[in-house]
Amino acid sequence: TRRVTVRDIALAKERGERWPMLTAYDALTARIFDEAGIPVLLVGDSAAMVVYGYDSTLPVTVDDLLPLTAAVSRSTRRALVVADLPFGSYQGSPQQALASAARFMKEGGAHAVKLEGGERVVPQVEALVASGVPVMAHIGLTPQAVNTIGGYRVQGRGADGERLLADAQALEQAGAFAVVLECVPAALAREISGKLSIPTVGIGAGSGTDAQVLVWQDMAGLSPRVAKFVKTYADLASDLGDAARGFAEEVVAGTFPDEAHSYA
Ligand code: KIV
Ligand code: NA
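The sequence shown begins at 15 in the UniProt record's numbering and counts up by one.
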């Protein structure tokens with residue numbers, strides 16, 4: 015086995031092959047997803063919510079995300095590991111973006127980074143790519159901009175669709191190897207996907223994108239509330255709740271541990 019590379023991702027687009035991406039934040043789940051054949055794993059700043067318990071992605075820092083990224087890189091053999099650049103770690107300048115990305119690659123073992131924004135982050139994307147950092151872009155609903163957007167809502171309706179297409183094309187031109195389209199109308203996402211030569215990765219963007227991404231706790235039924243676009247493929251919250259209750263009952267009853275789980 016060798017790592018998936020950005021070249022493989024480009025070839026998949028040429029061949030018209032769709033591919034899945036999942037988030038990952040720790041060793042055991044990253045290994046499971048790697049062995050399940052998920053080719054790209056994202057250490058998302060959604061860790062702010064699903065790992066750290068914040069109610070938006072804004073509070074997490076590079077220092078918060080680095081150990082999670084390192085855990086995912088160490089525990090996988092095949093997946094391309096993409097690290098999210100958190101809020102405030104790249105918007106300032108291309109130099110700041112490069113310094114942050116270098117930490118994710120050197121200390122976190124990431125193979126690429128993701129950042130949010132359209133034309134305004136083109137200088138960052140160009141500087142990163144010129145320095146050898148593959149960049150996944152992210153437009154549409156960009157959660158780090160929740161305060162300027164005014165909530166988590168569908169983006170790109172009506173005339174805004176033109177701007178999203180222009181953003182996507184500018185990011186492709188700047189050298190991004192893929193672009194996430196979050197919470198945009200399906201028809202717009204399909205149109206953008208058809209006009210780009212780099213793959214689009216949809217989340218809440220319908221079936222016309224080249225790839226799809228979900229936060230793993232959402233798709234596995236661990237998250238208490240999920241958006242309309244999330245499909246759940248497992249019911250881990252109830253399985254884990256049952257496990258915890260089962261353990262608790264047996265401890266209280268004195269039936270765990272039994273002889274089979276004790277040393278003579
Ligand atoms: O942080 C994240 O999990 C993401 C994906 C949902 C695209 O950015
Ligand atoms: Na993110």
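Note that CB positions come from ideal geometry on N, CA and C, so glycine has one too.
- At a threshold of 7 Å, residue 19 does not count as near the ligand NA, since its beta carbon sits no closer than that to any of the ligand's heavy atoms.
- When the alpha-carbon of residue 81 is set against those of 185, 54, 150 and 38, the nearest one is in 38.
- Counting along the chain, residue 153 sits inside the beta strand (DSSP E) bounded by residues 149-154.
- Short note on residue 196: C-beta closer than 7 Å to some heavy atom of the ligand KIV.
- Only residues of its own chain outside the window of five on either side were considered, and among them 184 and 188 have a CB closer than 6 Å to the CB of residue 136, listed in chain order.
- Checking the 7 Å criterion, the Cβ of residue 162 is out of range of every heavy atom belonging to the ligand NA.
- Ranked by Cα distance from residue 24, the first of 148, 68 and 163 is 148.
- Per DSSP, residue 48 is one residue of the alpha helix (DSSP H) stretching across 41-49.
- Sequence-distant partners of residue 45 (beyond 5 residues in either direction) whose C-beta falls short of 8 Å from its own C-beta, in its chain, are 89 and 90.
- Chain-ordered, the residues whose CB falls short of 5 Å from any heavy atom of the ligand NA come out as 58, 59 and 98.
- In this structure, the straight-line span from the alpha carbon of residue 153 to that of residue 274 is close to 54 Å.
- Sorting 248, 60, 17 and 110 by C-alpha distance to the C-alpha of residue 93 places 17 at the top.
- Here the stretch 115-122 does not lie against the stretch 150-165, with fewer than 3 beta-carbon pairs under 8 Å apart.
- Boundaries of the beta strand (DSSP E) harbouring residue 98: 94-98, taken from the DSSP string.
- For the pair residue 52 and residue 218, the Cα-to-Cα distance works out to about 19 Å.
- Closest in C-alpha terms to residue 132, from the list 186, 117, 107 and 87, comes 186.
- Proximity of the stretch 63-81 to the stretch 95-109 meets the contact definition, three or more beta-carbon pairs being nearer than 8 Å.
- Checking the 7 Å criterion, the Cβ of residue 52 is out of range of every heavy atom belonging to the ligand KIV.
- Taking C-beta atoms as the reference points, residue 150 and residue 113 fail to come closer than 8 Å.
- Annotation for residue 80: the continuous alpha helix (DSSP H) segment containing it runs 76-88.
- A residue is called buried once 16 or more other Cβ atoms fall within 10 Å of its Cβ, and residue 42, having fewer, is exposed.
- A Cβ-Cβ contact shorter than 8 Å links residue 83 with residue 57.
- Secondary structure of residue 130 (DSSP, three-state): strand.
- Shown here, residue 217 sits in a strand according to DSSP, grouped into three states.
- Judged by DSSP secondary structure, residue 266 falls within the alpha helix (DSSP H) whose first and last residues are 250-267.
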